[in-house]
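Here's the structure, in C-alpha cells; my notes come after.
There are 2 protein chains.
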Amino acid sequence: MDAAAADDRLDRAFMALADPVRRSIVARLSRGPATVTELAEPFDITTQAVSKHIQVLEAAGLVTRSRDAQRRPVHLDAAALETLTEWIDRYRLIHEQRFRRLDALLASADGADAAASAEQD
Amino acid sequence: MDAAAADDRLDRAFMALADPVRRSIVARLSRGPATVTELAEPFDITTQAVSKHIQVLEAAGLVTRSRDAQRRPVHLDAAALETLTEWIDRYRLIHEQRFRRLDALLASADGADAAASAEQD
DNA sequence: CCATTATTCAACCAATCGCTTGATCAACTA
DNA sequence: TAGTTGATCAAGCGATTGGTTGAATAATGG
C-alpha cells in the first residue's frame with residue numbers, strides 16, 4: 001500500500017468516526033456482530049440511513065459484513081481501529097519526547113538560551 | 122462536561138483529523154510550534170485556507186495559539202490526542218476481550234453451542 | 001407461487017466543507 | 001507616518017454529507 005492509499009484510508013477512518021451515530025454503531029459492534037435492523041433500532045432515523053452509515057464504516061475498513069439468509073451481519077474490525085491509535089500515538093509521543101528534551105535543557109545550566117533554540121528545532 | 126458536549130468534542134476532533142492537510146499540520150506541530158505562514162509553506166493552497174484549517178483544529182481542542190507580534194504561533198495539545206486514543210482503545214479492547222472469551226469457550230468441551238450463544242451476547 | 005422480511009438503490013434536498021478572491025485588521029519597521 | 005508583513009473576515013462556488021421518500025432486489029417461509 002503506497003502513501004497516498006494509506007492517507008486515503010486514514011481520511012475515511014477518521015471521517016467515519018466523526019459522526020456520533022457511527023461511533024455509537026462501533027460501540028455496539030464491539031460487543032458482537034449485529035444486523036442493519038438491529039443497529040438502526042436505537043436511532044430515530046430510517047434503516048436506509050443506517051445502511052449508508054455502515055457503508056461508510058465498511059469503506060473505511062472499520063467493519064466487514066457476512067451473510068445470514070436475508071440478513072447482512074456487520075462485524076467490527078479491531079485491527080483498523082489500531083491503525084488509528086498508531087497514527088495518533090506516533091505524533092503524541094514525538095510531541096511528548098520534545099517536551100522531555102525541553103525540560104532537560106531548562107534544568108541544565110544555561111537554560112533559557114538553549115530552550116529558545118530548541119523551540120526552533 | 123456533559124455527555125453531549127463530550128460527544129461534540131469527539132465529533133470535532135475526529136472530523137479535524139479526517140483531512141490530510143490538517144493531519145500533516147498536526148504532524149508538523151508535534152516537532153514544535155509554528156506560525157500560519159510556516160504551516161502553509163508546504164502546501165499549494167492560500168494562507169487563508171490554512172488559517173481556516175487551524176481554526177478547525179483549534180475548535181476541536183487539538184491546538185492552542187499564542188501571540189508573538191503579528192504572528193500567531195500554533196501549539197499542539199497532546200492531551201486532546203490522548204482523548205481520541207482513549208475512545209478508540211476502549212471499544213477495541215472490549216472487542217478483543219470478547220474474542221478472548223470466545224476462544225476460551227471454543228477451547229472448552231461443548232465448544233460449538235456455547236460459542237453460538239456467545240455470539241448473541 | 002406468493003407474501004414477508006432484510007437490505008439496498010436512486011433521486012432529491014438542505015446544510016456543510018474546502019477553497020478561492022478581495023478587503024480588512026493588527027503590529028512591526030524604515 | 002507610510003508601507004509592509006502576518007493573519008483574519010466575508011462572500012461566493014462546486015462538491016460532499018446526512019437525511020428523506022419511493023422503488024427494486026434478494027432470500028425466506030407458508
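Protein chains in written order, with the numbering used here: chain A, 1 to 121; chain B, 122 to 242. Backbone N, C-alpha and C define an ideal beta-carbon position, used for all residues, glycine too.
May I ask you to verify whether the stretch 134-144 of chain B touches the stretch 11-30 of chain A, counting CB pairs closer than 8 Å and requiring at least 3? yes
Does L197 of chain B come out as helix, strand or coil in the three-state DSSP assignment? strand
Counting beta carbon pairs with one atom in the stretch 144-155 of chain B and one in the stretch 187-199 of chain B, are three or more of them shorter than 8 Å? yes
Check whether chain B comes within 8 Å of R65 of chain A, counting only Cβ atoms and requiring the distance to be less than that. no
What did DSSP end up calling A126 of chain B once you bin it into helix, strand or coil? helix
Could you tell me which residues DSSP pairs with V184 of chain B in its beta bridges? Within the DSSP bridge table, the entry for V184 of chain B names B:L197 as partners.
Beta-carbon gap between A161 of chain B and L183 of chain B smaller than 8 Å: no
With a threshold of 8 Å between beta-carbons, can M125 of chain A be considered close to chain B, or not? As displayed, chain A neither begins before 1 nor continues past 121, which places residue 125 of chain A out of reach and without an answer.
Report all residues from its chain with a CB closer than 7 Å to the CB of A180 of chain B; omit the five preceding and five following residues, and keep chain order. R133
Looking at the strands, I want to know which residues DSSP matches up with R192 of chain B. B:D189
Is the Cβ-Cβ distance between I209 of chain B and T35 of chain A less than 8 Å? No, they are not a contact pair.
Is Y91 of chain A near S187 of chain B, with beta carbons less than 8 Å apart? no
Compare the C-beta of L131 of chain B with all C-beta atoms of chain A and state if any pair is closer than 8 Å. yes
What residues from the stretch 147-163 of chain B come within 8 Å of chain A, judged by C-beta to C-beta, listed N to C? V147, A148, L150, S151, R152, G153, P154
Contact list for the stretch 183-216 of chain B against chain A, Cβ threshold 7 Å: L197, A199, L202, E203, L205, T206, I209, D210, Y212, R213, I215, H216
Run the CB neighbour count on L227 of chain B, radius 10 Å, all protein chains shown included, and call it buried at 16 or more, exposed below. exposed
So is L178 of chain B buried or exposed if we call it buried at 16+ other beta carbons inside 10 Å? buried
Below 8 Å on the Cβ atoms is my contact criterion, and I expect T47 of chain A with T37 of chain A to pass it. Report the Cβ-Cβ distance as a whole number of Å. 6 Å
Please confirm whether D165 of chain B has its beta-carbon closer than 8 Å to some beta-carbon of chain A. Judged by the 8 Å Cβ criterion, D165 of chain B is not in contact with chain A.
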